[in-house]
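Asks: Position 133 (the sequence shown) corresponds to 133 in the numbering used here; numbering is contiguous. Before I ask anything, let me first share the structure, which is written out below as structure tokens.
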Amino acid sequence: MVGTAGYRIGRTTGWGCPRIPGSLVDMADTPPVVPSVPRRRRRGLLAVLLVVTAVTVLTASGLGTALAVTYSRAAVSTVGQVPFETPLAIPPIAEGTVDAAGRRVFDLTVQPGSTDFGYPSPTATWGVNGDLLGPTLRMRDGEQVLMNVTNEVGEPTNLHWHGMHLPARMDGGPHQMVDPGETWSPTWQVDQQAATLWYHAHLHGTTTQHVYRGVAGTIIVDDDRSAALGLPSDYGVDDIPVIIQDRKFRADGSLDEGEGFMRLTGLLGDQVMANGTIGGYVNVTAASTRLRLVNASTARVYNLGFDDDREFSLIATDGGLLPRAVSIDRLQLSPGERAEIIVTMSPSDSVVLRSDEPDLASFALQNRFSGGDDDFDVLELRAADVLAPGTDLPPVLGGEIFGDLSADQAAETRYFQLQGNEINGRTMAMGRIDTVISAGATEIWEVTNGDGYPHNFHVHDVQFRVLDVDGEDPGPVASGRKDTVFVPPGGTARLLIRFGDETDPDHPFMYHCHLLSHEDDGLMGQFVVVAPGTEPGVIDPSHTHSSATGN
Ligand SMILES: [Cu+2]
């Protein structure tokens, strides 16, 4: 199985899917039918390199041996090797302060810091109000929030509120950059159900580095309904955020930011940390513990479960509670995705949260270099000798979470072909509107991965329903409210989306692959929401808008 034919992976071609030439606004209205056009791109070249490598391994034994070693070393495992000697860091909770206008105000400074990971020298890291990562922001549905985002890292950066429904100019995308020394102050009314969201840097071109250095944190949205369910909710005790990221270090302790040989998915680390702790443990004091899992990694997909294969309850996905809890023993999360689970323990019990080899649906060589053969021990839960009583999960959690949303209502189906650094044949341009949405519209977005390696797809401002992936039911992990979905190589995900009512023809939202180096390389597009029947505005193509918005 070598040569081009060897890279067909079942569903469709891995490397040569049809593409659409870029010319029209809203060209996503038509399915992709135009044959491929040769292009010189970095990922394209790397793809060719993989083919050449496979041929070489089988035909040139000398070089083949060296490449076999490279292949062998590309797989990483920390299973059974993590000592769990450090208490898991719990990000401080930020409740903000309420100002005279009744707004909940959060002061967030993105700043450089240093973190001791046990190397000869401390590691230079970035954080929000600290050395690494940021506080957990807590807010309620219905209240007005105001963020004061101050940039102290010496180069432009910003914060995006991932999963939040808000006005486009408050979104913290690449158009809302904060210059060094400046403060950006977006404000909006929280208008969505209880959920675990997150915030992170979202530039055009260097998001990978900023998130990798540590510019990320958790957002908890509360509402009355979830508060009445009796779920574990004692923050840091039986309700614990778990921000999962991979890192690799040089011998001196500095962060290695290189993507490495043949890594088409981007920057993969060889160690996994939770909340910035490598080998963390939690002293569990209740029989039921809620973990709010956030995949804040730049490119890595995790397949999470426990080392004894115990079942746990999945209660929420990206955008909030599931209709009912689902009992599962593994949970796959691609970058940007979240899930809330409840794990039950007995007195004196201990169990390790582990990531087994993920199912990336890639062929063997690509699977190896995309992290598909990697497994990690993430953190250990240690139960006390006496535990507070557990939670009896109510039979109904979120109820009918999609309300009256149904595919019959979709006014339009749009097609998005992800391939190389392009969506529908075009790489991201700050001044170009790719898609125009009528306020309040319900649409089906059909997202295809035209490559032989993984992508995923994130849409700003909305929570969508995954209708199917390659025509099949998406399964429990993708059955709830989602803003990010894995799109397997050669595969197609169909999303049912209802867009918001607020119009802004001049400020776009983003949709993009959340494998951050893909996003940085241009696998991103822009949509505006306009009043039905009206025209889009003109987008300012500059990156820098650090003007205060909310004060
Ligand atoms: Cu991607």
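Each residue gets a CB set at the ideal place from its N, CA and C atoms; glycine is no exception.
Note down, in chain order, each residue of its chain lying with its Cβ closer than 8 angstroms to the Cβ of I437, except the 5 sequence neighbours on either side.
Replies: Excluding positions up to five away in sequence, the list reads E443, F499, F527, V528, V529, V530.
Asks: How big is the Cα-Cα spacing for G554 and F464?
Replies: Residue 554 cannot be examined here, being either before or after the span of the chain that is shown, 1 to 551.
Asks: I'd like the span of the beta strand (DSSP E) that includes S542, first residue to last.
Replies: Neither: S542 is in no beta strand (DSSP E) and is coded neither H nor E.
Asks: Where does A361 fall in DSSP's three states?
Replies: Here A361 sits in coil by DSSP.
Asks: Looking at the structure shown, is N424 part of a helix, part of a strand, or coil, going by DSSP?
Replies: Looking at N424 - three-state DSSP - the assignment turns out to be coil, as it is neither helix nor strand.
Asks: Comparing alpha-carbon positions, which option in D506, H458, E502, D521 lies nearest C513?
Replies: Of D506, H458, E502, D521, the residue nearest in Cα terms is H458.
Asks: Is L255 close to ligand 1? I mean its beta-carbon at under 7 angstroms from any heavy atom of the ligand.
Replies: Flag unset: Cβ of L255 not near ligand 1.
Asks: Enumerate in chain order the residues of its own chain whose CB-to-CB distance from M524 is below 6 angstroms, with the five nearest sequence positions on each side excluded.
Replies: Contacts found: M428, M510, H512.
Asks: According to the Cβ coordinates, are P167 and W198 closer than 8 angstroms?
Replies: No, the Cβ-Cβ distance between P167 and W198 is not below 8 angstroms.
Asks: Out of curiosity, what's the CA-to-CA distance linking G533 and A439?
Replies: Looking at the two C-alpha atoms, the distance is approximately 10 angstroms.
Asks: Strictly under 8 angstroms for the Cβ-Cβ distance: is G260 near chain B by that measure?
Replies: Of the chains in the structure shown, none is chain B; there is only one protein chain.
Asks: Please confirm if the stretch 240-254 is in contact with the stretch 284-301, defined as three or more CB-CB distances below 8 angstroms between the two stretches.
Replies: Short answer: they touch.
Asks: Return yes when the Cβ of D318 is within less than 8 angstroms of the Cβ of V79, no when it is not.
Replies: Contact: no.
Asks: What is the rounded straight-line gap between the Cα of Y281 and the Cα of V98?
Replies: Rounded to whole angstroms, Y281 to V98 spans 35 angstroms at the Cα level.
Asks: How far does the beta strand (DSSP E) with D222 in it reach, from first residue to last?
Replies: Element bounds for D222: 216-222.
Asks: I need the DSSP call for L67, collapsed to helix, strand or coil.
Replies: The answer is helix: DSSP assigns L67 an H, G or I state.
Asks: For D501, does the count of other Cβ atoms within 10 angstroms reach 16, so buried, or fall short, so exposed?
Replies: D501 should be labelled exposed.
Asks: With hydrogens ignored, establish whether the beta-carbon of L515 is closer than 7 angstroms to any heavy atom of ligand 1.
Replies: Checking every heavy atom of ligand 1 against the Cβ of L515, one is found closer than 7 angstroms.
Asks: Note down, in chain order, each residue of its chain lying with its Cβ closer than 7 angstroms to the Cβ of A287, except the 5 sequence neighbours on either side.
Replies: Correct list, in chain order: T344, M345, L387, A388, P389, G390.
Asks: Using the Cα positions of N449 and P120, report the straight-line distance between them to the nearest angstrom.
Replies: Rounded to the nearest angstrom, the two C-alpha atoms are 43 angstroms apart.
Asks: Does DSSP put N456 in a helix, a strand or coil?
Replies: DSSP places N456 in strand when its eight states are reduced to three.
Asks: Less than 8 angstroms separating the beta-carbons of G130 and G113?
Replies: Contact flag set, yes.
Asks: Let me confirm a value: T196 is counted as buried when at least 16 other C-beta atoms fall within 10 Å, else exposed. Which label applies?
Replies: With 16 or more other Cβ atoms within 10 Å, it is buried.
Asks: Counting C-beta neighbours from all protein chains within 10 Å, is the total for Q366 16 or more, i.e. buried, or is it exposed?
Replies: The residue in question, Q366, is buried, as its Cβ has 16 or more Cβ neighbours within 10 Å.
Asks: Is it true that the CB of I342 sits closer than 8 angstroms to the CB of L331?
Replies: No. Outside cutoff.
Asks: Helix, strand or coil for P476 per DSSP?
Replies: In this structure, P476 counts as helix in the three-state DSSP scheme.
Asks: Under a Cβ-count criterion, where at least 16 other Cβ atoms within 10 Å of its own Cβ denotes burial, should E535 be classed as buried or exposed?
Replies: Result: exposed.
Asks: Going straight from the alpha carbon of G258 to that of T208, what length do you get?
Replies: About 11 angstroms.
Asks: Take the Cβ of A227 as the centre, count every other Cβ of all protein chains shown within 10 Å, and call the residue buried at 16 or more, exposed below.
Replies: Its Cβ having fewer than 16 others within 10 Å, A227 is exposed.
Asks: Does the distance from the CB of G552 to the CB of A89 come in under 8 angstroms?
Replies: Because the chain in this structure spans residues 1 to 551, residue 552 falls outside the shown range and cannot be described.
Asks: Could you check if H455 belongs to the surroundings of ligand 1, using beta carbon to heavy atom distance under 7 angstroms?
Replies: At least one heavy atom of ligand 1 is nearer than 7 angstroms to the Cβ of H455, so yes.
Asks: Please list the terminal residues of the continuous alpha helix (DSSP H) segment that includes V211.
Replies: Unbroken alpha helix (DSSP H) run through V211: 207-213.
Asks: With H, G and I counted as helix, E and B as strand and the rest as coil, what does DSSP make of F312?
Replies: In this structure, F312 counts as strand in the three-state DSSP scheme.
Asks: Measure how close the beta-carbons of G522 and N421 come, nearest whole angstrom, since I'm counting them as under 8 angstroms.
Replies: 4 angstroms between Cβ atoms; contact.
Asks: Answer yes or no: the CB of L365 versus the heavy atoms of ligand 1, is any distance below 7 angstroms?
Replies: Every heavy atom of ligand 1 is 7 angstroms or more from the Cβ of L365, so no.
Asks: State the Cα-Cα distance for the pair V149 and G62, rounded to the nearest angstrom.
Replies: If you take the alpha carbons of V149 and G62, they lie about 55 angstroms apart.
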